[in-house]
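So the protein sequences, as listed, match chains R and B. For the first sequence, the numbering used here gives the first residue as 252, with consecutive numbering after it. For the second sequence, the numbering used here gives the first residue as 252, with consecutive numbering after it. We put the beta carbon where it would ideally sit given N, CA and C, even for glycine.
There are 2 protein chains.
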Amino acid sequence: MIIYKLLGAKRVGVSMKSRHVTGCMIIIGNEILSGRTQDTNLNYLTKSLNEAGVKLVEARVIPDIEEVIVATVNECRGKFDWVFTTGGIGPTHDDITATCIAKAFDKPLVIHPEIAAVIRQRESTEEAMQARMLMARVPEGAQLIDNPTGGPQGFQVDNVFVMAGVPMVMQAMVDTLDKQRLQGGEPIRSRSIGAYLGESQMAKKLAVIQNQHPEVDLGSYPFYRQDGYGANLVMRGVDEKELEVMQEKVRAMILSFGAEPLESE
Amino acid sequence: MIIYKLLGAKRVGVSMKSRHVTGCMIIIGNEILSGRTQDTNLNYLTKSLNEAGVKLVEARVIPDIEEVIVATVNECRGKFDWVFTTGGIGPTHDDITATCIAKAFDKPLVIHPEIAAVIRQRESTEEAMQARMLMARVPEGAQLIDNPTGGPQGFQVDNVFVMAGVPMVMQAMVDTLDKQRLQGGEPIRSRSIGAYLGESQMAKKLAVIQNQHPEVDLGSYPFYRQDGYGANLVMRGVDEKELEVMQEKVRAMILSFGAEPLESE
């Protein structure tokens with residue numbers, strides 16, 4: 252089934268099982284690609300998006316290279332309803348995200364007075380102030396994203412949210428995005444049941460259940476523990492009733508093999 | 252500067268500071284995008300790639316949707332020297348990676364006798380065996396990737412390595428890729444020095460040092476601790492001598508501000 256962008260002007264085919272408001276995350280940072288830093292922002296963001304009814308359908312990790320950032324932002328903002336970037340909005344030479352977003356939208360960079368005011372609250376040497384003031388630059392017309400940690404704000408241009416990479420700051424920014432601003436659909440719910448059963452044993456029956464409920468994603472994730480192996484069966488969708496029906500079928504399937512359904516695994 | 256694929260027949264421009272053998276990781280799995288699972292495979296893979304002299308320059312997280320997987324694999328295998336996929340090679344309905352790789356390369360899926368032999372070593376019911384035998388399917392002509400954990404192998408088609416998503420299995424597979432198979436350049440080395448100095452204080456001098464050594468990436472990563480804030484300065488490149496020279500300049504810069512260089516942060 253093909254769905255189309257709900258919010259944008261363009262109609263772009265995105266293949267999904269169902270019609271959802273879609274999100275894409277762009278993680279900007281050499282430190283993730285080099286292995287120095289383990290990203291945790293994707294996991295935090297997507298949990299908030301589930302609540303907001305925005306389905307994260309792709310994420311990309313890209314380096315601090317202007318052409319790559321500009322091209323990726325332009326591709327993704329056309330393909331998905333909402334785009335979220337993290338990283339590259341600090342005061343050093345490798346912080347080029349604001350410049351790249353301005354280029355992607357073909358807008359000039361301007362000093363935003365509200366960010367400049369926040370920056371001036373903390374005293375520093377003239378040289379350091381000059382560097383910090385780079386963080387006040389946003390593409391013309393950008394709306395701010397509050398930063399409850401007290402540092403410079405993030406910003407939004409059209410359907411692109413630009414946030415910090417430091418998890419503490421990124422999380423604070425994400426938490427300020429309310430439903431008025433980040434329009435989504437129904438919240439995306441998930442249910443999970445585990446069982447000490449091999450995936451292969453359940454595979455055929457799981458496929459039957461999935462086919463009966465194409466609007467709910469049914470995933471099977473194996474685990475290996477000291478007391479044995481098994482799998483967690485995860486259902487994900489927006490319709491609570493359908494989720495319950497599917498959950499009941501999964502439970503019955505597990506019992507049919509003589510195993511115990513492990514709830515909320 | 253534009254670099255070209257070193258290993259492939261096609262010449263594809265990839266914008267990088269320097270000429271490197273490039274890698275791209277494709278993480279296939281709804282469970283990462285939904286927030287259920289925190290990916291750790293990227294971090295593991297890229298550390299191995301550093302040693303092999305392959306620079307991970309992009310990663311994508313995509314859902315278990317055939318058209319998306321096929322399109323992403325085809326885009327990335329043309330753009331980068333090496334592509335590494337994780338996830339979707341189990342025995343259940345949501346494990347569609349082998350099928351998608353075969354479609355991407357327009358090759359038939361065949362049962363690989365060596366994988367089938369591994370699968371038959373473990374007894375199971377006929378129904379479970381049928382499901383497990385799905386894991387023996389590879390695109391025609393694929394080479395195997397050993398799986399030291401004893402389960403079914405991964406496989407390689409042209410410049411694409413297809414590996415498991417379960418970290419224990421994925422890591423075991425990555426560890427089997429030797430330099431003969433995964434041709435890279437010089438190992439990518441990194442040096443790091445921390446300091447309790449604000450990024451903005453150092454920004455101007457860091458930019459000067461970066462400009463003097465365009466072949467080495469110099470990144471600045473802020474930290475916030477109970478005893479104060481500061482930044483780690485990370486240098487990354489292949490030339491040990493140049494790394495040492497840059498490291499000495501960074502050390503001197505930190506001392507010039509009256510702070511202590513924190514080695515190996």
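Kindly give me the distance between the Cβ atoms of residue i and residue j, rounded to whole angstroms, as I take these residues to be in contact under 8 Å.
| i | j | result |
| --- | --- | --- |
| alanine 454(R) | histidine 344(B) | 7 Å |
| glycine 481(R) | glycine 445(R) | 6 Å |
| leucine 494(R) | arginine 440(R) | 6 Å |
| glycine 304(R) | glycine 405(R) | With 8 Å as the limit, glycine 304(R) and glycine 405(R) do not qualify as a contact, their Cβ atoms being about 21 Å apart. |
Can you tell me the Cα-Cα spacing of residue i and residue j, whole angstroms?
| i | j | result |
| --- | --- | --- |
| threonine 376(B) | glycine 402(B) | 17 Å |
| methionine 380(R) | arginine 371(R) | 8 Å |
| valine 496(B) | glycine 341(B) | 48 Å |
| arginine 287(B) | asparagine 294(R) | 8 Å |
| glutamate 365(B) | proline 438(B) | 33 Å |
| alanine 597(B) | methionine 414(B) | Here chain B comprises residues numbered 252 to 516, so residue 597(B) is not present and cannot be evaluated. |
| leucine 484(B) | glutamate 317(B) | 41 Å |
| methionine 276(R) | isoleucine 352(R) | 14 Å |
| glycine 264(B) | tyrosine 447(R) | Because glycine 264(B) sits at a pLDDT of 36, beneath the cut-off of 50, its placement in the model cannot be relied upon, and the point is left open. |
| arginine 502(B) | proline 512(B) | 6 Å |
| glycine 470(R) | methionine 486(R) | 6 Å |
| glutamine 407(R) | glutamate 391(R) | 11 Å |
| glutamate 378(R) | alanine 387(R) | 15 Å |
| glutamate 499(R) | proline 473(R) | 20 Å |
| serine 299(B) | valine 425(B) | 8 Å |
| arginine 328(R) | lysine 330(B) | 21 Å |
| glutamine 461(R) | lysine 492(B) | 57 Å |
| arginine 442(B) | serine 515(B) | 7 Å |
| valine 272(R) | leucine 307(R) | 9 Å |
| isoleucine 254(R) | proline 314(B) | Because isoleucine 254(R) carries a pLDDT of 38, less than 50, the predicted location of this residue cannot be relied on, and the following value inherits that uncertainty. Rounded to whole angstroms, isoleucine 254(R) to proline 314(B) spans 15 Å at the Cα level. |
| methionine 421(B) | methionine 384(R) | 44 Å |
Please state whether the Cβ-Cβ distance between residue i and residue j is less than 9 Å.
| i | j | result |
| --- | --- | --- |
| alanine 349(R) | valine 389(R) | yes |
| glutamate 450(B) | alanine 367(R) | no |
| threonine 291(B) | glutamine 477(R) | no |
| glycine 416(R) | glycine 338(R) | yes |
| lysine 354(B) | valine 321(B) | yes |
| tryptophan 333(R) | asparagine 410(R) | yes |
| threonine 336(R) | isoleucine 396(R) | no |
| valine 467(B) | aspartate 490(B) | yes |
| isoleucine 283(B) | valine 312(B) | yes |
| lysine 479(R) | histidine 464(R) | Inspection of the sequence shows that residue 479(R) is occupied by glycine rather than by lysine. Cβ distance not < 9 Å, so glycine 479(R) and histidine 464(R) don't count as in contact. |
For the candidate residues the options, whose alpha-carbon lies nearest to that of residue i?
| i | options | result |
| --- | --- | --- |
| aspartate 429(B) | Glu302(B), Ile279(B), Leu284(B), Gly405(B) | Glu302(B) |
| glutamate 309(B) | Asp315(B), Val319(B), Glu326(B) | Glu326(B) |
| asparagine 281(B) | His271(B), Asp346(B), Lys306(B) | Asp346(B) |
| leucine 506(R) | Tyr472(R), Arg487(R), Asp468(R), Lys456(R) | Lys456(R) |
| valine 518(R) | Lys330(R), Phe331(R), Gln394(R), Arg373(R) | Past the edges of chain R, shown from 252 to 516, lies residue 518(R), and the structure says nothing about it. |
| glutamate 374(B) | Gln463(R), Arg328(R), Gln452(R), Val420(R) | Gln452(R) |
| threonine 400(R) | Leu385(R), Thr427(R), Met384(R) | Thr427(R) |
| leucine 296(B) | Ser285(R), Val369(R), Lys306(R), Met504(R) | Ser285(R) |
| phenylalanine 356(R) | Phe412(R), Leu385(R), Lys306(R), Met384(R) | Phe412(R) |
| proline 418(B) | Asp315(R), Met384(R), Tyr475(R), Leu307(R) | Tyr475(R) |
Which residues of the stretch 479–491 of chain R have a Cβ closer than 7 Å to any Cβ of chain B? Give them in chain order.
Flagged, chain order: Val485, Arg487.
Can you pull out the residues from the stretch 295–315 of chain R whose beta carbon lies closer than 7 Å to at least one beta carbon of chain B?
Under the 7 Å Cβ criterion, the stretch 295–315 of chain R contributes Thr297, Lys298, Asn301, Leu307, Val308, Glu309, Ala310, Arg311, Val312, Ile313, Pro314.
Which residues, taken in chain order from the stretch 378–393 of chain R, show a beta carbon closer than 7 Å to some beta carbon of chain B?
If the cut-off is 7 Å between Cβ atoms, the stretch 378–393 of chain R has Glu378, Ala379, Ala382, Arg383 near chain B.
Within 7 Å of chain R by C-beta, residues of the stretch 440–459 of chain B in sequence order:
Those would be Ser441, Gly449, Glu450, Ser451, Gln452, Ala454, Lys455, Leu457, Ala458, in chain order.
What are the residues of the stretch 403–429 of chain B that lie near chain R, defined by any Cβ-Cβ distance shorter than 8 Å?
Along the stretch 403–429 of chain B, the positions whose C-beta sits under 8 Å from a C-beta of chain R are Val417, Met419, read in chain order.
What residues in the stretch 271–284 of chain B bring their beta carbon closer than 7 Å to a beta carbon of chain R?
Only Asn281, Glu282, Leu284 from the stretch 271–284 of chain B bring a Cβ to less than 7 Å from some Cβ of chain R.
Compile a chain-ordered list of the residues in the stretch 341–358 of chain R whose CB is closer than 7 Å to at least one CB of chain B.
Listed by position along the chain: Gly341, Pro342, Thr343, His344, Asp345.
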